[in-house]
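Worksheet for the structure shown next.
In the numbering used here, the protein residues as written are -19 to 114.
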């Protein structure tokens, strides 16, 4: 499945969860800011993506990915991401606005970064991992 096919299926899932029009959902749409998603919507979205694409998405998937990149390093200090964590988050989420990833960025803000393209890439990666495991 290529990125365009993933995007088209994902658009339908997002539309069903958020009740937005398909044309509002672009690769650059930020789920929270542009499409009005709330944390419960992101949870619903994750479950429906898992069902639609037959993949598994872990809770705090992106946080866990970053933590594996800084073994032994601190992910957060006093609620804010450490400089090392910010750098690794930029690598883990290349689609997001880097200007938001500055000192003082809080772990709880990670969902506010998520774009549709972040999920397209995540789904593609999970599908590829599934093929390799078969």
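Idealized CB from N, CA, C, for every residue including glycine.
Ranked by Cα distance from residue 107, the options 35, 65, 9 are led by 35.
Take the alpha-carbon of residue 20 and the one of residue 12: they are about 11 Å apart.
With the rule of 3 Cβ pairs closer than 8 Å, the segment 91 to 98 counts as touching the segment -2 to 17. Between residue 48 and residue 54, the beta carbon gap of about 14 Å keeps them out of contact (Cβ cut-off 8 Å). DSSP, reduced to helix, strand and coil, places residue 57 within a strand of the structure shown. Note that the segment 64 to 72 does not touch the segment 24 to 41; fewer than 3 beta-carbon pairs, one per stretch, sit closer than 8 Å. In the structure shown, the three-state DSSP call for residue 95 is strand.
With a 10 Å radius around the Cβ and a threshold of 16 neighbouring Cβ atoms, residue 88 comes out exposed. Under the DSSP assignment, residue -5 falls in the alpha helix (DSSP H) whose first and last residues are -17 to -2.
Nearest to residue 44 by alpha-carbon distance, out of 73, 17, 16, is 73. At a Cβ-Cβ threshold of 8 Å, residue -6 and residue 100 do not count as neighbours.
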